[in-house]
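Protein chains in written order, with the numbering used here: chain A, -8 to 251; chain B, 2 to 431.
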Amino acid sequence: MKELGLIVQGVVAALYVAAAVLLLLRVRSGGHLLAVRLAFAGCVAHAALMAYRWWVIGQIPIVTRYEDLTVDALTMVAVYLAAQWRLPQLRRAGVVPLLVSAGALVWAMSYSRVSVPFDPSLRTNWLIIHAQLNSFALGGGALAAGAAMLMLGEKQPSNEMSAITGSVTAWAFFLWAAMVAAGSYWASLAWGRYWGWDPIENWSFATITSYAFALHLHAKAKWRGRAWAAVALLPFAISLFTTYGLLMVMSSLHSQYVFQ
Amino acid sequence: MLRFLWRPLASLNLSLILIGALTLAAMAGGTLPQLRRLSPAQLDRFQNEWPVMWQVMDWTGLSAVFSSAWFYALCWLLAANLAAGTAQHLWRIGRWRQGRVAPSVRLAGEGPLPERVARHFASAGDGEAIVGHGILGLFGLPLFHIGILTIVVAGTLSASVQFSTRFEMGQGEVYSGGGASKGVAEGADFDIDPESGYAFRLDEAHVEVRDERIRELQAYFTIRERGQPPRQEQLLVNHPLRIVGQSLYLDKKFGYTAAFDRLLSDGTVRRLHIHFEVPRAEWGKNTPLKRRDMVALGDAPLFWHMSFTPGEAPRFALQVTRDGAVVYDGVLGPGEEADLGSYRIKFLGALPWIGLFMVADWAVRMVFVGYVVTLVGFLLHLLVLPRRLRLVRQGDRWELEGWAVRDDWRFEAEWGGGEALSKQGGSKSA
Chain A
-8 MKELGLIVQG
2 VVAALYVAAA
12 VLLLLRVRSG
22 GHLLAVRLAF
32 AGCVAHAALM
42 AYRWWVIGQI
52 PIVTRYEDLT
62 VDALTMVAVY
72 LAAQWRLPQL
82 RRAGVVPLLV
92 SAGALVWAMS
102 YSRVSVPFDP
112 SLRTNWLIIH
122 AQLNSFALGG
132 GALAAGAAML
142 MLGEKQPSNE
152 MSAITGSVTA
162 WAFFLWAAMV
172 AAGSYWASLA
182 WGRYWGWDPI
192 ENWSFATITS
202 YAFALHLHAK
212 AKWRGRAWAA
222 VALLPFAISL
232 FTTYGLLMVM
242 SSLHSQYVFQ
Chain B
2 MLRFLWRPLA
12 SLNLSLILIG
22 ALTLAAMAGG
32 TLPQLRRLSP
42 AQLDRFQNEW
52 PVMWQVMDWT
62 GLSAVFSSAW
72 FYALCWLLAA
82 NLAAGTAQHL
92 WRIGRWRQGR
102 VAPSVRLAGE
112 GPLPERVARH
122 FASAGDGEAI
132 VGHGILGLFG
142 LPLFHIGILT
152 IVVAGTLSAS
162 VQFSTRFEMG
172 QGEVYSGGGA
182 SKGVAEGADF
192 DIDPESGYAF
202 RLDEAHVEVR
212 DERIRELQAY
222 FTIRERGQPP
232 RQEQLLVNHP
242 LRIVGQSLYL
252 DKKFGYTAAF
262 DRLLSDGTVR
272 RLHIHFEVPR
282 AEWGKNTPLK
292 RRDMVALGDA
302 PLFWHMSFTP
312 GEAPRFALQV
322 TRDGAVVYDG
332 VLGPGEEADL
342 GSYRIKFLGA
352 LPWIGLFMVA
362 DWAVRMVFVG
372 YVVTLVGFLL
382 HLLVLPRRLR
392 LVRQGDRWEL
402 EGWAVRDDWR
412 FEAEWGGGEA
422 LSKQGGSKSA
């Protein structure tokens, strides 16, 4: 059964990569619709995998590094699918969320899939609120990065594309800020202080301010084209480091929970 | 003079510089070794391995980014920029609402109104008609910025007013504020401290550790507050107890208490609790816990060498010396006594103890209000797009002006940008 789970995970990653490749190719819209269908099929299988894990371990799978990566990957694709259904202009922006999700799924395979019962610290709804907001923030950030890449691919991006990319970036900023606020309130309940300048708190703050920088820059008339799109990629890169890279190089309050 | 100062203070360029600097500062503080996080041994090692780098970091304030003067200056300058920018923004909102800014779209024509114009205006007569919706969305960004200002002010207040204290309590012990005095009591039979107005007793501590991880951590208290009847409460992680404006939290330290009665020469009996911290790996294993302390009770201080084995049959091995001479050397079981000269001790048994901390911070609620205002403001800005249409009709001719915010691409798609004029019936529009 465990091997079947890995196989399904591999197939899902392959579907995401195939969808991303189709989106990258400048084919007619039919090809892009096929990409969306592949991504959707992968997303359904991915969701089923996580639902099965939830059922087997008896608790929501959002704590260990393996679970963190796979749930974030699922949310990134789900956010992309919902956004492109609402705004077909974002269809080709799915390259970034799909490739990042595929990468996260493959990387997750290198981590132990053992689950441990929650510590008393984690038995609270704030875990779900904080962790899920993080996943959605990464989803929004990946989509914003994808839209920025689309702008970089155009010689003269349209005002509409610039406005849409700005809007998606603003949503990523909001979700990240909400995640930090939820985590801060939870910290006040668990640790008696809402902010302690812990490395992960500092880098989360840096992520927020980098998004704020990009959004303020977007308000300037001369920064609405490709130059801005290049700058708009930085907050997503910082958010990826904050979520996945930081704990590999530094210790933090989060380390004890993620690397169980 | 005021205008000379105001324009740069409220400028977007200043915002960009300050936000960029803040981002870099946060990255530096989150990556470079910081004094507040280093143990003395770690600090020593870093200074030996990177002496020049440490000197530079110390001189520039990078060794303690978040308590450095330049970081505070940066935050307050940004707050001033934010306040000035918000005031300017609110002034522009007023002008937008009055139509005193250039419209996003202007259409004109003769004859009947096109359907897409007519559906917004019920009245068909001459004159001016204005429709607007989503005007509340205009206040989203100012509200967001006001929320940030609230967080900055409240955070500064919180840092100066916050008070916290850590302590340990064994089962049966009573803690009262003020001088942090402790005693032992049965049930609710203990006094409230007159200065702090409260006292609480640890009735029961429940700790469960498996595979070196805490599985359960709970405590039960009897709490007495001035003017209120005693109450019993359970303390859990993530659910602090409120006691006279302070919050009581579980620390993740725990262990066993060796409980004694100290029998004085005048016949009085006082309770004595000695706490031994237990590493998680040793919890429940009854491994002997060792401790050495100078104990100053009574006349001369005594040096205690202790080895305490908790469990169902607790044992307390004790060697007491004074000025190098052995006063007592033996092993006590429950109910057994030791004569230490000026007093005797009677070993009662083992009890669990837990670590706790209390925090008083009245400003923290303002911080959370700031969070809510910030998020509500930004959500308003994202979801509610303000639009304003003004139609002027004169006989057969009509002119429409429309206002929307810059990134309202749907408005642009619906109305087109710029002017469109038609001389004969209908309008020339996108």
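Every residue, glycine too, gets a C-beta built ideally from N, C-alpha and C.
| Would DSSP call Ala274 (chain B) helix, strand or coil? | Start at 1 with the first residue of the second sequence, and residue 274 (chain B) comes out as number 273. The sequence given here has His at residue 274 (chain B), not Ala. Looking at His274 (chain B) - three-state DSSP - the assignment turns out to be strand.
| Taking all protein chains shown into account, do 16 or more other C-beta atoms lie within 10 angstroms of the C-beta of Asn125 (chain A), making it buried, or fewer, making it exposed? | The residue you call residue 125 (chain A) lines up with position 134 of the first sequence. The residue is buried, with at least 16 neighbouring Cβ atoms inside 10 Å.
| said: So Asp110 (chain A) contacts chain B; which residues on that side make the cut at Cβ distance below 7 Å? | reply: If you number the first sequence from 1, residue 110 (chain A) lands on position 119. The answer, in chain order, is Arg214, Ile215.
| query | Quick one: what's got a C-beta closer than 6 Å to Lys424 (chain B)'s C-beta in the same chain, skipping five residues either side? | reply | The residue you call residue 424 (chain B) lines up with position 423 of the second sequence. Annotation note: pLDDT 33 at Lys424 (chain B) (below 50); position unreliable, no value reported.
| task | Output yes if chain D places a C-beta closer than 8 Å to the C-beta of Lys211 (chain A); else output no. | result | In the structure shown, chain D does not exist; the protein chains are A and B.
| Terminal residues of the continuous beta strand (DSSP E) containing Leu333 (chain B)? | Position 332 of the second sequence holds residue 333 (chain B). Start and end: 326 to 333.
| task | With DSSP as the reference, label Trp186 (chain A) as helix, strand or coil. | result | Along the first sequence, one-based indexing puts residue 186 (chain A) at 195. Three-state DSSP puts Trp186 (chain A) in coil, outside helix and strand.
| request: Take Leu264 (chain B) and list the residues in its own chain whose beta-carbon comes closer than 8 Å to its own, dropping the five residues that flank it on each side. | output: Position 263 of the second sequence, counted from the first residue, corresponds to residue 264 (chain B). Around Leu264 (chain B): Val270, Glu338, Tyr344, Arg345, Ile346, Lys347.
| Which residues in the same chain have their Cβ closer than 8 Å to the Cβ of Val70 (chain A), if we skip the five residues on either side of it in sequence? | Here residue 70 (chain A) corresponds to residue number 79 of the first sequence, with the count starting at 1. If we look at Val70 (chain A) and ignore the five residues flanking it on each side, its Cβ neighbours are Pro88, Phe127, Gly130, Gly131, Ala133, Leu134.
| query | With respect to the alpha helix (DSSP H) encompassing Asp45 (chain B), which residues constitute its N-terminal and C-terminal limits? | reply | Residue numbering aside, residue 45 (chain B) sits at position 44 when the second sequence is read from its first letter. Looking at the DSSP string, the run of the alpha helix (DSSP H) that includes Asp45 (chain B) is 41 to 50.
| query | Pick from B:Leu137, B:His121, B:Phe140: whose alpha carbon is nearest that of Ile131 (chain B)? | reply | Here residue 131 (chain B) corresponds to residue number 130 of the second sequence, with the count starting at 1. If we check each option's Cα against that of Ile131 (chain B), B:His121 comes out closest.
| Should Ser153 (chain A) and Thr198 (chain A) be called a contact, given that it needs their Cβ atoms to be closer than 8 Å? | Position 162 of the first sequence, counting from 1, holds the residue named residue 153 (chain A). Position 207 of the first sequence, counting from 1, holds the residue named residue 198 (chain A). Cβ atoms of Ser153 (chain A) and Thr198 (chain A): not closer than 8 Å.
| query | Excluding five sequence neighbours on each side, which residues of the same chain lie with their C-beta closer than 6 Å to the C-beta of Gly173 (chain B)? | reply | Residue mapping note: residue 173 (chain B) aligns to position 172 of the second sequence, counting from 1. Counting only residues of its own chain and dropping the five nearest sequence neighbours on each side, Gly173 (chain B) has a CB closer than 6 Å to the CB of Val185.
| task | Give the interface partners of Pro190 (chain A) over in chain B, defined as CB-CB distance under 7 Å, in chain order. | result | By one-based count along the first sequence, residue 190 (chain A) stands at place 199. Going along chain B in sequence order, the residues near Pro190 (chain A) (Cβ under 7 Å) are Gly31.
| Would Gln307 (chain A) be called buried (16 or more neighbouring beta carbons within 10 Å of its own) or exposed? | Because chain A in this structure spans residues -8 to 251, residue 307 (chain A) falls outside the shown range and cannot be described.
| field | 8 Å Cβ cutoff, Trp410 (chain B) in contact with chain A | value | The residue labelled residue 410 (chain B) in the question sits at position 409 within the second sequence. Chain A contact via Cβ: present.
| What's the call for Ala73 (chain A), buried or exposed, on a 16-neighbour Cβ count within 10 Å? | Working through the first sequence from its first residue, we reach residue 73 (chain A) at position 82. Answer is exposed; the Cβ neighbour count stays below 16.
| Are the C-beta of Ile53 (chain A) and some C-beta of chain B separated by less than 8 Å? | The count along the first sequence starts at 1 and reaches residue 53 (chain A) at position 62. Chain B contact via Cβ: absent.
| query | According to DSSP, is Tyr73 (chain B) helix, strand or coil? | reply | Along the second sequence, one-based indexing puts residue 73 (chain B) at 72. If DSSP states are grouped into helix, strand and coil, Tyr73 (chain B) belongs with the helices.
| In this structure, does DSSP put Ser165 (chain B) in helix, strand or coil? | Translated into positions along the second sequence, residue 165 (chain B) becomes position 164. Three-state DSSP puts Ser165 (chain B) in a strand.
| task | Could you please tell me which residues of the stretch 59 to 74 of chain B, in chain order, have their CB closer than 7 Å to any CB of chain A? | result | For the stretch 59 to 74 of chain B, the beta-carbon criterion of a distance under 7 Å to any beta-carbon of chain A is satisfied by Phe67.
| Does any CB atom of chain B fall closer than 8 Å to the CB of Ile155 (chain A)? | Here residue 155 (chain A) refers to the residue found at position 164 of the first sequence. Ile155 (chain A) counts as touching chain B.
| query | Does DSSP classify Gly110 (chain B) as helix, strand or coil? | reply | Here residue 110 (chain B) refers to the residue found at position 109 when the second sequence is read from its first residue. Note: Gly110 (chain B) maps to strand in three-state DSSP.
| query | Quick one: complete beta strand (DSSP E) runs, 3+ long, within the stretch 332 to 372 of chain B? | reply | 338 to 340, 344 to 361
| message | Using C-beta distances below 7 Å, list every residue in its chain close to Leu349 (chain B), excluding the 5 sequence neighbours before and after it, in chain order. | response | In the second sequence, the residue the question calls residue 349 (chain B) occupies position 348. So the list reads Ala260, Phe261, Asp262, Pro335, once near-sequence residues are dropped.
| Taking the C-alpha atoms as reference points, what is the distance between Trp60 (chain B) and Phe232 (chain A)? | Your numbering for residue 60 (chain B) matches position 59 in the second sequence. Your numbering for residue 232 (chain A) matches position 241 in the first sequence. Rounded to the nearest angstrom, the two C-alpha atoms are 28 Å apart.
| field | Contact set between the stretch 145 to 175 of chain B and chain A, restricted to residues whose Cβ is under 9 Å from the partner | value | Gly156, Ser159, Gln163, Ser165
| task | Determine the extent of the beta strand (DSSP E) in which Ala200 (chain B) is found, giving its start and end residues. | result | By 1-based counting over the second sequence, the position of residue 200 (chain B) is 199. Boundaries of the beta strand (DSSP E) harbouring Ala200 (chain B): 199 to 211, taken from the DSSP string.
| task | Tell me where the alpha helix (DSSP H) around Glu151 (chain A) begins and ends. | result | Taking the first sequence and counting its residues from 1, one reaches residue 151 (chain A) at position 160. Looking at the DSSP string, the run of the alpha helix (DSSP H) that includes Glu151 (chain A) is 150 to 181.
| query | Since Ile20 (chain B) meets chain A, which of its residues come closer than 9 Å, beta carbon to beta carbon? | reply | The residue you call residue 20 (chain B) lines up with position 19 of the second sequence. For a Cβ distance threshold of 9 Å, residue set Thr200, Ser201, Ala203, Phe204, His207 of chain A lies close to Ile20 (chain B), ordered along the chain.
| query | Around the Cβ of Trp7 (chain B), are there at least 16 other Cβ atoms within 10 angstroms (buried) or fewer (exposed)? | reply | Numbered from 1 along the second sequence, position 6 holds the residue referred to as residue 7 (chain B). So Trp7 (chain B) counts as exposed.
| said: Counting only beta-carbon separations shorter than 8 Å, does Val105 (chain A) have a partner in chain B? | reply: Your numbering for residue 105 (chain A) matches position 114 in the first sequence. It does not: the Cβ of Val105 (chain A) has no partner Cβ on chain B nearer than 8 Å.
| request: Spell out whether any CB of chain B is found under 8 Å from the CB atom of Tyr71 (chain A). | output: Here residue 71 (chain A) is taken as the residue at index 80 of the first sequence, counted from 1. No, Tyr71 (chain A) lies away from the interface with chain B (no Cβ there is under 8 Å from its Cβ).
| Where do the N-terminal and C-terminal ends of the beta strand (DSSP E) with Trp305 (chain B) fall, by residue? | Working through the second sequence from its first residue, we reach residue 305 (chain B) at position 304. Note, Trp305 (chain B): beta strand (DSSP E), 303 to 310.
| message | Could you check whether the Cβ of Pro387 (chain B) sits closer than 8 Å to any Cβ belonging to chain A? | response | For the purposes of this step, residue 387 (chain B) is taken as residue 386 along the second sequence, with counting starting at 1. Pro387 (chain B) does not count as touching chain A.
| Taking 8 Å as the CB-CB cut-off, is Ala181 (chain B) touching chain A? | Reading the second sequence from its first residue, position 180 is the one you call residue 181 (chain B). Reliability fails at Ala181 (chain B), whose pLDDT of 49 lies under 50, so the model's placement of it is uncertain and the value that follows must be treated cautiously. No, no contact with chain A.
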